[in-house]
Amino acid sequence: MKIMALMRTSIFLVGAASLAFSGALSAKEGDTEIDRADPSAGKAVYQKNCAACHGADGKGALPGTSDFATSDRLFGQGWEVVFRHVSGEHPSPDSPPMPMPPRGGKADLTDQDLWNVLAYIRQAFRKGK
Ligand code: HEC
Numbered sequence: 211m212k213i214m215a216l217m218r219t220s221i222f223l224v225g226a227a228s229l230a231f232s233g234a235l236s237a238k239e240g241d242t243e244i245d246r247a248d249p250s251a252g253k254a255v256y257q258k259n260c261a262a263c264h265g266a267d268g269k270g271a272l273p274g275t276s277d278f279a280t281s282d283r284l285f286g287q288g289w290e291v292v293f294r295h296v297s298g299e300h301p302s303p304d305s306p307p308m309p310m311p312p313r314g315g316k317a318d319l320t321d322q323d324l325w326n327v328l329a330y331i332r333q334a335f336r337k338g339k
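Per this note's numbering, the sequence shown starts with residue 211, numbered consecutively.
See below:
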């Protein structure tokens, strides 16, 4: 009798553990700040505040801006780092003589605006990367 109860308990524990495990997996994929952001709202922010320097096509309009599609210098470090750079929290390590102003010079852009615009950059220029 006792052994049956013990078995039931361990079956329950295995079930709970695998539930917790699948929860951890789904939190990893598709549940980061950029995945929750809105690329279509970001497109409007981009055209208004970023395109003058980065080009409507994301290929760079000013000297010192890189082509978003191929620039892996910052993007290779992950979107959290790109966000901190763009928000002005830390400057880019090898900025050109005229570095990017924090938030593209628009202090009124919210963190959510910036995540939306990064989601747009990922969708339109980085092609999902
Ligand atoms: C006044 C011109 C200017 C504006 C406006 C501007 N940027 Fe930039 N941006 C730059 C320059 C110059 C760099 C490259 C130097 C650096 O990394 O600091 C850069 C770099 C970047 C990078 C890093 C790309 C890479 O890998 O090198 C991202 C991402 C970015 N900008 C996003 C934005 C977004 C989003 C906006 C609009 C909210 C914006 N920028 C507005 C000039 C600008």
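All residues carry an ideal CB built from backbone N, CA and C; glycine is no exception.
Original post:
Would you say V327 touches ligand 1, meaning its beta carbon is less than 7 Å from a heavy atom?
Top reply: V327 Cβ: within cutoff of ligand 1.
**OP:** Could you say if the stretch 276-292 and the stretch 314-322 meet the contact criterion of at least three C-beta pairs nearer than 8 Å?
**Re:** With the rule of 3 Cβ pairs closer than 8 Å, the stretch 276-292 does not count as touching the stretch 314-322.
**OP:** Select from A329, G268, K253 the residue whose C-alpha is nearest the C-alpha of D241.
**Re:** Comparing Cα-Cα distances from D241 to each of A329, G268, K253, the minimum goes to A329.
Original post:
Relative to ligand 1, is the shortest distance from any of its heavy atoms to the C-beta of S250 smaller than 7 Å?
Top reply: Ligand 1 never approaches S250 closely enough for any of its heavy atoms to be under 7 Å from the residue's Cβ.
Original post:
So, are the CB atoms of F293 and W325 less than 8 Å apart?
Top reply: Taking 8 Å as the Cβ cut-off, F293 and W325 qualify as a contacting pair.
Original post:
Considering only C-alpha positions, which residue in the set F335, Q287, R313, M308 is nearest to E299?
Top reply: The shortest C-alpha to C-alpha distance from E299 to any of F335, Q287, R313, M308 is the one to R313.
Subject >> Closer than 7 Å: T275 CB and nearest ligand 1 heavy atom >> reply: Yes, Cβ of T275 sits closer than 7 Å to a heavy atom of ligand 1.
Original post:
Less than 7 Å between the CB of V296 and some heavy atom of ligand 1, yes or no?
Top reply: Yes, the Cβ of V296 comes within 7 Å of a heavy atom of ligand 1.
**OP:** Given a cut-off of 8 Å, decide if P249 and Q333 are closer than it, judged by their beta-carbon atoms.
**Re:** Yes, the Cβ-Cβ distance between Q333 and P249 is below 8 Å.
Original post:
Considering only residues of the same chain and omitting the five flanking positions on each side of E243, which have a CB-CB separation below 6 Å?
Top reply: Closer than 6 Å at the Cβ level, and outside the excluded window around E243, lie W325.
Original post:
What residue ranges within the stretch 267-307 form continuous alpha helix (DSSP H) runs of no fewer than 4 residues, ordered along the chain?
Top reply: Fully contained in the stretch 267-307 are the following alpha helix (DSSP H) runs of length 4 or more, in chain order: 289-296.
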